[in-house]
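The structure under discussion appears below in the form of C-alpha coordinates.
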Amino acid sequence: MALTKFVVLLVVVAVAAAVPRPDTPGYGPPSYKEPGMPYDFAYAVKDDYTGNDFGHEESSDGNVASGSYYVLLPDGRRQVVTFTADHNTGYVADVTYEGEASYPAPAPAPPAYGPPPPKYA
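Numbering (mature numbering (1 follows the signal peptide of the UniProt record, and there is no 0)), first residue to last: -18 to -1, 1 to 103.
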(Lines of atoms letter the chains of each structure in order from A and count residues from 1; the text may use other names and numbers.)
(Lines give C-alpha, C1' and ligand atoms only; values in the text may rest on other atoms or scores of the structure.)
Protein backbone atom coordinates (compact mmCIF):
# COMPACT_ATOMS: atom_id res chain seq x y z
CA MET A 1 0.00 0.00 0.00
CA ALA A 2 2.80 2.42 0.88
CA LEU A 3 4.64 1.50 -2.29
CA THR A 4 1.52 2.29 -4.36
CA LYS A 5 1.17 5.72 -2.74
CA PHE A 6 4.85 6.40 -3.38
CA VAL A 7 4.56 5.41 -7.05
CA VAL A 8 1.43 7.56 -7.50
CA LEU A 9 3.23 10.53 -5.90
CA LEU A 10 6.25 9.96 -8.11
CA VAL A 11 4.04 9.89 -11.23
CA VAL A 12 2.27 13.13 -10.19
CA VAL A 13 5.64 14.87 -9.64
CA ALA A 14 6.93 13.61 -13.00
CA VAL A 15 3.83 14.87 -14.83
CA ALA A 16 4.07 18.26 -13.11
CA ALA A 17 7.74 18.57 -14.08
CA ALA A 18 7.01 17.62 -17.69
CA VAL A 19 4.48 20.43 -18.27
CA PRO A 20 5.90 22.71 -21.01
CA ARG A 21 6.83 26.22 -19.87
CA PRO A 22 6.49 29.37 -21.94
CA ASP A 23 9.66 30.54 -23.61
CA THR A 24 11.27 33.55 -21.97
CA PRO A 25 14.22 35.41 -23.43
CA GLY A 26 17.45 35.27 -21.47
CA TYR A 27 18.13 38.97 -21.96
CA GLY A 28 16.37 42.29 -21.42
CA PRO A 29 15.16 44.69 -24.05
CA PRO A 30 17.90 46.51 -25.96
CA SER A 31 19.00 49.83 -24.53
CA TYR A 32 20.41 52.72 -26.46
CA LYS A 33 22.54 55.53 -25.06
CA GLU A 34 21.07 58.76 -26.28
CA PRO A 35 23.56 61.53 -27.04
CA GLY A 36 23.63 64.41 -24.57
CA MET A 37 21.86 67.64 -25.41
CA PRO A 38 23.86 70.86 -25.18
CA TYR A 39 22.43 73.57 -22.94
CA ASP A 40 23.33 76.87 -21.33
CA PHE A 41 21.57 78.76 -18.52
CA ALA A 42 22.18 81.30 -15.78
CA TYR A 43 20.25 83.06 -13.04
CA ALA A 44 20.99 85.42 -10.17
CA VAL A 45 19.00 86.71 -7.19
CA LYS A 46 19.90 89.82 -5.19
CA ASP A 47 17.30 91.02 -2.72
CA ASP A 48 18.50 93.70 -0.31
CA TYR A 49 15.34 93.52 1.79
CA THR A 50 15.83 89.85 2.75
CA GLY A 51 19.61 89.76 2.27
CA ASN A 52 19.43 87.02 -0.36
CA ASP A 53 22.29 87.04 -2.85
CA PHE A 54 22.91 83.87 -4.88
CA GLY A 55 23.27 82.73 -8.47
CA HIS A 56 24.13 79.88 -10.79
CA GLU A 57 25.45 79.58 -14.33
CA GLU A 58 26.04 76.32 -16.18
CA SER A 59 26.68 75.11 -19.71
CA SER A 60 27.17 71.75 -21.38
CA ASP A 61 28.30 70.56 -24.78
CA GLY A 62 26.32 67.32 -24.32
CA ASN A 63 29.19 65.43 -22.69
CA VAL A 64 30.77 67.71 -20.10
CA ALA A 65 28.82 70.13 -17.90
CA SER A 66 30.66 73.01 -16.28
CA GLY A 67 29.76 76.15 -14.43
CA SER A 68 29.66 77.85 -11.06
CA TYR A 69 27.28 78.95 -8.37
CA TYR A 70 27.61 81.34 -5.45
CA VAL A 71 25.85 82.33 -2.26
CA LEU A 72 26.32 85.14 0.25
CA LEU A 73 26.94 83.54 3.65
CA PRO A 74 25.56 84.93 6.93
CA ASP A 75 29.07 85.95 8.04
CA GLY A 76 29.45 88.28 5.04
CA ARG A 77 31.67 86.05 2.89
CA ARG A 78 30.72 84.88 -0.58
CA GLN A 79 31.08 81.15 -1.28
CA VAL A 80 31.83 80.35 -4.93
CA VAL A 81 31.75 76.79 -6.27
CA THR A 82 33.24 76.16 -9.71
CA PHE A 83 32.59 72.67 -11.08
CA THR A 84 32.83 70.26 -13.98
CA ALA A 85 30.90 67.02 -14.38
CA ASP A 86 31.16 64.19 -16.89
CA HIS A 87 30.78 60.42 -17.10
CA ASN A 88 34.50 59.72 -16.60
CA THR A 89 35.52 61.87 -13.63
CA GLY A 90 32.10 62.54 -12.09
CA TYR A 91 31.40 65.80 -10.24
CA VAL A 92 34.57 67.77 -9.46
CA ALA A 93 34.11 70.99 -7.47
CA ASP A 94 36.47 73.76 -6.39
CA VAL A 95 35.13 75.80 -3.46
CA THR A 96 36.50 79.27 -2.70
CA TYR A 97 35.51 82.05 -0.30
CA GLU A 98 35.68 85.76 -1.04
CA GLY A 99 35.93 88.41 1.65
CA GLU A 100 36.49 88.26 5.39
CA ALA A 101 34.11 86.79 7.92
CA SER A 102 32.58 89.39 10.22
CA TYR A 103 30.36 88.58 13.15
CA PRO A 104 28.01 90.99 14.94
CA ALA A 105 28.83 92.03 18.48
CA PRO A 106 27.12 89.82 21.04
CA ALA A 107 23.95 91.22 22.56
CA PRO A 108 24.19 92.29 26.19
CA ALA A 109 23.03 89.70 28.69
CA PRO A 110 19.52 90.24 30.06
CA PRO A 111 19.35 91.36 33.69
CA ALA A 112 19.33 88.61 36.28
CA TYR A 113 16.36 88.70 38.61
CA GLY A 114 16.54 87.27 42.10
CA PRO A 115 13.82 85.22 43.78
CA PRO A 116 10.75 87.13 44.98
CA PRO A 117 10.82 88.34 48.57
CA PRO A 118 9.25 85.91 51.06
CA LYS A 119 5.69 86.56 52.22
CA TYR A 120 4.81 86.06 55.85
CA ALA A 121 1.27 85.58 56.95
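Using N, Cα and C, we set each Cβ at its ideal position, and we do this for glycine too. Predicted, not measured: the structure shown is a model, and the values here were computed from it.
>> Give the list of continuous beta strand (DSSP E) stretches no shorter than 3 residues that lie fully inside the region 7 to 82.
In response: 21 to 29, 34 to 42, 47 to 54, 60 to 68 and 72 to 80
> Which stretch, first to last residue, makes up the alpha helix (DSSP H) that contains Lys(-14)?
Replying inline: Ala(-17) to Ala(-2)
> Pick from Asn45, Ala83, Gly44 and Glu40: whose alpha carbon is nearest that of Val63?
Replying inline: Glu40
> For Phe65 versus Val53, is the C-beta distance shorter than 7 Å?
Replying inline: no
>> Spatial neighbours of Ser48 within its chain, please: C-beta separation below 6 Å, excluding the five flanking residues on both sides.
In response: Thr66
>> So, under 8 Å CB-CB, Tyr25 and His38 are touching, yes? Tell me the CB distance rounded to an integer number of Å.
In response: 6 Å
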